[in-house]
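In my numbering, the protein residues as written are 155 to 313.
Note that CB positions come from ideal geometry on N, CA and C, so glycine has one too.
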């Protein structure tokens, strides 16, 4: 019989309480417990960045955090950044600059980019490339992703 513990999270501005096994990763609590499937599981080794979210305002790979470690935290997922009727400026720039192909890495890329722009509102191309080093894309070659982040910066995007 598995033992569970209560975890309280504020996710995308809404309070939640989940009962999770102590070994449950935050990415699985978000996806399986709350149905927020925009946060992707890509590698389970923290190499790809598809699971990037904001935890208390900082970009983190949610496959590296246990749900119990996030107890009491504020979490923002791609679903909380913007929606189809009101895109976040980084989401809009990815759309405008064709910063995606298959889309699997896109939520993590957008969350990492929004975190970069919160910390550095006027990044250079090198700054963008460095900030996205922990997020892998197997489709695009990164050119349009970097272009999208720079376009978002010019629009005044802030996380």
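The count of Cβ pairs closer than 8 angstroms, one atom from the segment 264 to 281 and one from the segment 202 to 209, reaches three, so the stretches are in contact.
Within the same chain, 180 come within 6 angstroms of residue 219 by CB-CB distance, once the 5 residues on both sides are set aside.
Boundaries of the beta strand (DSSP E) around residue 160: 159 to 165. Annotated three-state conformation of residue 198 is coil, per DSSP. For residue 208, the uninterrupted beta strand (DSSP E) run begins and ends at 206 to 209, by DSSP.
When Cβ pairs closer than 8 angstroms are counted between the two stretches, the segment 186 to 195 is seen to touch the segment 169 to 177, the count reaching three or more. Where residue 290 is concerned, there is no enclosing alpha helix (DSSP H), because DSSP gives it neither an H nor an E. In the three-state DSSP reduction, residue 219 falls in the coil class, being neither helix nor strand.
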